[in-house]
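The structure appears right after this line, and notes come after that.
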C-alpha cells in the first residue's frame with residue numbers, strides 16, 4: 001500500500017510557483033460553489049506519521065482557501081465530557097455541516113492505532129473498532145458526505161531526515177519531542193499496525209489516499225489537487241449511490257402483529273393507581289440516587305400515536321427526579337443547523353453524560369415512522385436507518401447507557417375521543433393541529449411502520465416496551481415499572497434484561513403485596 | 001427482534017389447503033423464470049432454534065418447487081479438505097449458480113453461534129467473524145445474488161412443546177437427542193448470542209427474516225410467500241444497487257510511479273545465472289520439503305505485460321518441486337459455469353490445501369486490469385474489487401497461506417521485439433494474437449491500472465513484488481529469491497515480511513559468497 005509513497009516524489013520550486021496561483025483560484029471557486037450548493041459536507045482526515053507534514057498541509061490549505069468556511073479539529077486525550085459518552089461522540093459533534101469543509105488533525109483512527117502500539121488495545125478490539133468505523137463512514141457517505149482520508153507516509157530514513165530538519169529549524173524545533181524519536185524506534189511496529197488498519201478501512205466508499213510526506217511542495221500541491229478534483233466531481237453530481245438495500249417483503253398471513261395483540265382494555269382504578277404511583281416513583285427516586293447509578297446514564301425514548309399521553313407519562317417520571325439530573329428533549333422538525341448535518345446529528349448532541357437521564361419526546365425513530373410514511377426520505381434511506389439506529393444504540397449501551405424505549409398505543413376510537421376533548425378545552429387546543437387529523441388518515445401505514453420498527457430495532461440492549469395506553473393510569477404505571485426494573489437490573493449487576501414485552505403486569509398483586 | 005415471532009401465529013387447516021395450490025403454481029413459475037433469465041442466484045439460509053421446523057420447511061419447499069433446480073447444503077464438522085483452507089471456503093464452493101436456488105441448512109452463522117455458546121469462541125472473535133460475514137454477503141449482493149436469511153424462532157415454552165411433539169411421533173423421534181434437551185436449558189444464553197449476531201448482521205442489503213417456528217402451516221406458507229415475493233421483485237429488476245464507491249482522483253504530479261521507477265536495465269549474465277539458479281532452486285526445494293512447511297500453503301500469483309515471461313519464470317519454480325506438490329492454474333476467459341457465479345468463485349475453487357503450492361498464471365487481478373481497461377465490468381464493480389481482493393487474500397493468509405504476487409514488467413520496446421521474434425518462430429507463433437497487439441495500444445491505460453493495483457492491494461500479508469523482466473535471467477532469479485525469502489521467513493517463524501520492493505538485489509555479491 002505504501003509503495004507509491006516511497007519513490008522520493010519531489011516538485012521543484014519553479015513548477016510549484018507556477019502551479020499554485022491557478023490551484024488557489026480553483027480551490028476558492030470550488031469552496032464557494034460548495035457553500036452555494038449547500039448539499040455536501042466535506043470531511044478531510046489528515047493523518048500519517050510523525051513529521052510527515054500533517055500540520056504543514058493544514059496550514060497551507062488555510063492559506064489557499066477561505067478560512068472562514070474551513071475548520072480544523074484536533075483531538076487529544078478525551079475530556080471528562082467525552083469520556084462519559086460513546087467513544088465516537090467527540091467526532092460526531094465535530095462533523096462539518098453541508099457546504100463546509102472540516103479537516104481532522106487526528107481522527108477516529110488515532111486511538112486504535114496508538115493504543116494498539118502501546119499495547120493497551122488487543123488486535124480483536126482494534127478489529128471491532130474498525131468495523132464500527134466502517135459503518136460510521138458508510139453512514140456519512142450515504143448521508144451525502146465527501147470523505148477524503150489522507151495518510152502521509154515516510155520511509156524510516158525519510159522520517160529520520162524530517163525529524164532532524166524540524167529540530168534544526170528554530171521555528172519548528174519545539175514540535176519534536178523525545179516521544180517522536182521513540183516512535184521512530186518502533187517504526188516497523190507502527191507500519192504493521194497502520195498497514196492492517198488502513199487495509200481494513202480501505203472501503204470502496206471511503207478509500208485511503210496514501211501519499212509521500214517528505215517533500216513539502218509535492219505533498220501540498222498533490223493534496224490540494226486531490227481535494228479540488230474530488231470536490232469538483234461531487235459538485236458535478238458524480239455517482240451518488242447508497243448502500244444496497246433489500247426491499248422488505250410484507251407478509252402477515254394471519255393478520256396478527258405486535259400491535260394487534262395488545263390488550264388495550266387494561267385498566268387501573270384511581271385508588272390503586274395512587275398507591276402504585278407512589279411505590280414506583282419512590283423506587284425510581286432511590287435508583288437514580290444510588291451511587292452505583294453514577295456509572296450509567298438513562299436514555300428514555302417516547303414514541304406513540306398522537307394524543308397517546310407521552311407528555312403525561314414523562315411528567316410522572318420526572319416527578320421522581322431532581323430537575324438537575326434529567327433533561328427532556330422534545331423533537332420537532334429539524335432546525336436549519338440540524339438539516340445541514342447527517343440525520344442522527346440532532347440526537348447525538350443531546351446524549352447525556354453518565355449519571356444523568358435524557359428523555360426524548362419523539363426521537364430518531366421519526367426516520368422509520370413519519371419520514372417513511374410521509375415519504376420525506378427515500379426508501380433506501382429509511383431502510384438503512386434500522387441498522388444505523390441499532391449501531392447507534394449499541395454504542396450508547398457500550399458506553400454505559402440504559403436505553404428504555406416506549407411505544408404508547410391507543411385505539412383509533414380512543415384517539416378520536418381525545419382529539420375532540422382537546423378541541424373543547426381551551427388550554428389543550430394548541431395540542432391538536434390539522435396535521436394530527438391528517439396523520440390519523442394514515443393509521444394503517446403507521447401500523448405497518450411501527451411493527452417493522454419493533455421487529456428491526458428491539459434488541460437485547462435496547463428493547464421496545466409496547467404500552468397499552470387507552471387507560472392513562474395503566475400506561476403510566478407500566479412505564480414507571482419497566483423503567484425501574486431495567487435500572488434495577490443494571491445497577492444490581494444483572495444483565496439489564498428487560499421486562500418481557502406485552503407481559504401482563506401483575507399490578508393488582510404487587511399492590512396487595514405492598515399492603516400486606 | 002423476536003417480538004413478532006412470539007405471538008402464537010397460526011394458520012388453520014382450511015386456509016392452508018386453499019392457499020397452497022396457488023402458491024405452488026406461482027413458485028414453480030417464478031423458479032422457471034429465474035432459470036430462464038439466468039441472472040440471479042438465490043441464497044436461502046434456513047436457520048433457527050432446534051425443533052423450529054428448519055428441516056420441515058426445506059422438505060415442503062422441495063415438494064412445492066422443481067427439485068431439479070433446488071439444492072440443499074448441510075454442513076457438519078469441517079472435513080479434512082475444509083479444515084486446510086479458509087473457514088469460508090466450504091460455503092464459497094456451495095453457492096448456487098445464477099438462476100438457481102440453494103438452501104443452506106446451517107450456514108456461515110452456525111459455527112460462531114455454536115462456538116460462542118460452547119465457550120470456545122470469544123465475543124471479540126465472534127465480532128471479527130461477523131464483520132467477515134457482512135463483507136461476504138455484501139459481495140454476494142453486489143454480484144447480483146438474492147440473499148434471504150430465515151431465522152425460525154421459538155419461545156422457551158414453544159421449544160419444549162415442539163421437542164415433546166417430535167419425540168412422540170415415531171417418524172421424528174430419532175431427531176430429538178439429549179443434546180437438544182440440553183440446549184433448551186441454555187435457552188437464554190442462546191437467545192442472547194443469537195440476538196447479538198442477528199442484530200450485527202441485520203444489514204440493509206441482507207436483513208434477517210425472523211419467523212415464529214411453532215405452527216407448521218404458518219411457517220411453511222409464510223416462508224413460501226416471502227420466497228415468492230422476493231424472487232418476483234428481483235425478477236422485475238427492483239432496486240439493483242451496489243455499494244457506494246468513491247471515484248478515484250488520479251493525480252501524479254511528478255510523473256513518477258512504481259512502474260516508471262523500475263530500472264529495466266538490470267541484467268545477469270549467463271554464467272552467474274546458472275550459479276544463482278542452482279542456488280535458489282536448491283533452496284526452494286529444501287523449503288517445500290521442510291516439515292514445518294506442512295502447516296502452510298503457497299499461493300503464487302503471476303501477472304505481467306504480454307510476453308513478459310510469466311511462463312518461463314513459472315517453469316523455473318516448478319523445476320524445483322515435485323509435480324505432486326504443486327498445481328499451475330492458467331486463467332483464461334471464464335467458462336459458462338464460472339460466469340454463473342460470483343467473480344471470485346473461479347479462483348476459490350483452486351485454493352490449495354496446506355502443504356501444497358498453487359501457481360496462478362494470471363489471476364483475480366484480471367478484474368482490476370483487463371476488465372477495467374476493456375470496460376468488461378462497471379466502474380463500481382472494479383472499484384469495489386480492491387476491497388474484495390484484500391479480504392480474500394487476508395482470509396487466505398489467516399488460514400496459513402503464504403501469498404507471493406509478482407508483476408513482470410518489460411518496456412514497450414522489449415515487448416515489440418519479443419512479439420516480432422515470436423511471430424518468426426514456428427512453435428511460438430501461437431503465443432501471439434491480435435489481442436496482444438490491441439492490448440499494446442492501451443499501454444498507458446494498463447500502466448495506470450497496474451499502479452492503482454499495487455497501491456491498493458499490496459498489503460502486509462500479500463505484498464506485490466515488481467519484477468524488472470527485460471532481462472529474463474534477472475527476472476527469474478528475483479522471483480525465485482523473493483519466493484524463497486518469503487517462505488523462509490514464514491517457516492522460521494518470522495513475520496513473513498517481504499523482501500523490499502524494487503530492492504536492488506545484490507546478486508553478484510551473494511554468488512561470490514557462495515563460491516568462497
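Residue numbers (the numbering used here), protein chains in the order written: chain C, 1 to 516; chain V, 1 to 516. For every residue, glycine included, the Cβ atom is placed at its ideal position computed from N, Cα and C. Owing to the predicted nature of the structure, the values given are computational and were not obtained by experimental measurement.
Exercise. Please report the residue range of the beta strand (DSSP E) in which residue 49(C) lies.
Key: Unbroken run through residue 49(C): none, as it is neither H nor E.
Quiz item: When you check each C-beta in the stretch 345-367 of chain C against every C-beta of chain A, which residues fall closer than 8 Å?
Solution: The structure shown contains no chain A; the protein chains it does contain are C and V.
Exercise. Leaving out five residues on either side along the sequence, give the residues of the same chain with a beta carbon under 7 Å from the beta carbon of residue 46(C).
Key: 54, 57, 58, 103, 104, 105, 150
Quiz item: What does residue 206(C) reach in chain V if we use C-beta pairs closer than 7 Å?
Solution: 246
Practice problem: Output yes or no for whether 8 Å exceeds the beta carbon distance between residue 253(V) and residue 218(C). | Solution: yes
Quiz item: For the 8 Å Cβ check, are there 3 or more pairs between the stretch 201-214 of chain V and the stretch 141-160 of chain V?
Solution: yes
Practice problem: Step through the CB atoms of chain V and report whether any lies within less than 8 Å of the CB of residue 265(C). | Solution: no
Exercise. State buried or exposed for residue 367(C), treating a residue as buried only when at least 16 other CB atoms are found within 10 Å of its CB.
Key: buried
Quiz item: Among 43(V), 92(V), 404(V), 66(V), which has the Cα closest to the Cα of residue 345(V)?
Solution: 92(V)
Quiz item: Quick one: is residue 438(C) buried, meaning 16 or more other Cβ sit within 10 Å of its Cβ, or exposed?
Solution: exposed
Exercise. Could you tell me whether the Cβ atoms of residue 159(C) and residue 184(C) are closer together than 8 Å?
Key: yes
Exercise. Take residue 398(C) as the anchor and find which of 373(C), 232(C), 298(C) has the nearest alpha-carbon.
Key: 298(C)
Exercise. Drop a sphere of 10 angstroms on the beta-carbon of residue 178(V), count the other beta-carbons inside from all chains shown, and report buried for 16 or more, exposed for fewer.
Key: exposed
Exercise. Using beta-carbon positions only, say whether residue 293(C) and residue 11(C) come within less than 8 Å of one another.
Key: no
Practice problem: Assign residue 425(C) to buried or exposed, taking buried as 16 or more other Cβ atoms, counted over all protein chains shown, within 10 Å of its Cβ. | Solution: exposed
Quiz item: Is residue 206(C) helix, strand or coil by DSSP?
Solution: coil
Quiz item: So, is the C-beta of residue 153(V) closer than 8 Å to a C-beta in chain C?
Solution: no
Quiz item: For residue 522(C), which residues in chain V fall below 8 Å Cβ to Cβ?
Solution: Because chain C spans 1 through 516 in this model, residue 522(C) falls outside it and cannot be assessed.
Self-check item: Continuous alpha helix (DSSP H) stretch holding residue 318(C): start and end
Solution: 310-318
Quiz item: The beta strand (DSSP E) with residue 302(C) in it runs from where to where?
Solution: 297-304
Quiz item: Near residue 446(V), what residues of its chain come up, given a Cβ to Cβ distance below 8 Å and the 5 sequence neighbours on each side ignored?
Solution: 305, 369, 373, 439
Quiz item: So the alpha helix (DSSP H) residue 387(C) belongs to, where does it begin and stop?
Solution: 379-398
Practice problem: Answer yes or no: do residue 23(C) and residue 221(C) have a C-beta to C-beta separation smaller than 8 Å? | Solution: yes
Practice problem: Closer than 9 Å by beta-carbon distance: list the chain C residues that pair up with residue 448(V), in chain order. | Solution: By Cβ distance, chain C contributes nothing, its closest Cβ being about 12 Å from residue 448(V), past 9 Å.
Quiz prompt | Contacts that residue 221(C) makes with chain V (C-beta to C-beta distance below 7 Å) | solution = 253
Quiz item: With burial defined as no fewer than 16 other Cβ atoms inside 10 Å of the residue's Cβ, what is the status of residue 360(C): buried or exposed?
Solution: buried
Self-check item: Cβ-based burial, residue 265(V) [other Cβ within 10 Å; buried from 16]
Solution: exposed
Practice problem: Grab the span of the alpha helix (DSSP H) containing residue 347(V) for me, first residue to last. | Solution: 345-348
Quiz item: How about residue 62(C): is its C-beta nearer than 8 Å to some C-beta of chain V?
Solution: no
Self-check item: Cβ neighbours of residue 1(V) in the same chain (closer than 7 Å, five flanking residues each side left out)
Solution: 195, 198, 199, 210
Exercise. Determine the direct distance from the alpha carbon of residue 123(C) to that of residue 316(V), and round the result to whole angstroms.
Key: 39 Å
Practice problem: Please name the residue, chosen from 321(C), 140(C), 341(C), that lies closest to residue 206(C) on a Cα-to-Cα basis. | Solution: 140(C)
Quiz item: Thinking just about the alpha-carbon of each residue, which of 296(V), 157(V), 245(V), 257(V) is nearest to the one in residue 83(V)?
Solution: 296(V)
Quiz item: Can the beta-carbon of residue 95(V) be found closer than 8 Å to that of residue 248(V)?
Solution: no
Exercise. Assess, as a yes-or-no matter, whether the stretch 389-407 of chain C is touched by the stretch 457-469 of chain C under the definition of 3 or more beta carbon pairs within less than 8 Å.
Key: yes
Quiz prompt | Spatial neighbours of residue 517(C) in its chain, beta-carbon cut-off 6 Å, leaving aside the 5 residues before and after | solution = Residue 517(C) is absent from the structure shown; chain C starts at 1 and stops at 516.
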